[in-house]
Amino acid sequence: MDLYIRPNGEVATLYDELLDLSSLGMMQIARASHVEPDSTGQWFAYLIDGPTLGPFCRRSEALTAEQQWLINHVLNISPSD
Numbered sequence: 003m004d005l006y007i008r009p010n011g012e013v014a015t016l017y018d019e020l021l022d023l024s025s026l027g028m029m030q031i032a033r034a035s036h037v038e039p040d041s042t043g044q045w046f047a048y049l050i051d052g053p054t055l056g057p058f059c060r061r062s063e064a065l066t067a068e069q070q071w072l073i074n075h076v077l078n079i080s081p082s083d
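When you read off a place in the sequence shown, starting at 1, and then add 2, the result is the number in the numbering used here.
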């Protein structure tokens with residue numbers, strides 16, 4: 003689990019229950035996407051306020067693409083950060 007601390011002190015991350023984040027202060031949690039198969043078994047990541055990613059043969063591939071898109075576009079973290 004990666005925590006990104008912005009210059010203003012705000013912490014951003016993709017939600018995971020690995021750590022109890024409530025000790026960091028008030029949390030704001032929002033659904034950003036969902037991953038589902040279509041009728042042929044292909045997997046898609048549907049990003050709220052973003053594109054549909056896919057098709058993918060495996061759910062894990064869709065989840066990885068979803069996570070990377072959210073990091074780059076919602077958290078605004080570039081690969082070099």
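We put the CB at the ideal spot given by N, CA and C, even for glycine.
Exclusion of the five residues before and after alanine 34 leaves Ile50, Leu72 and Val76 as the residues of its chain whose Cβ lies within less than 6 Å of its Cβ. Residue nearest to isoleucine 31 within the set Leu65, Asp40, Arg60 and Leu16 is Leu16 (criterion: CA-CA distance). In the DSSP annotation of this structure, the continuous segment of the beta strand (DSSP E) that includes glutamate 38 starts and ends at 35 to 39. By alpha-carbon distance to methionine 28, the top candidate from Pro57, Phe46 and Ala14 is Ala14.
According to DSSP, residue pairing for isoleucine 7 in a beta bridge involves Val13. For alanine 67, no beta strand (DSSP E) encloses it; the enclosing alpha helix (DSSP H) starts and ends at 61 to 75.
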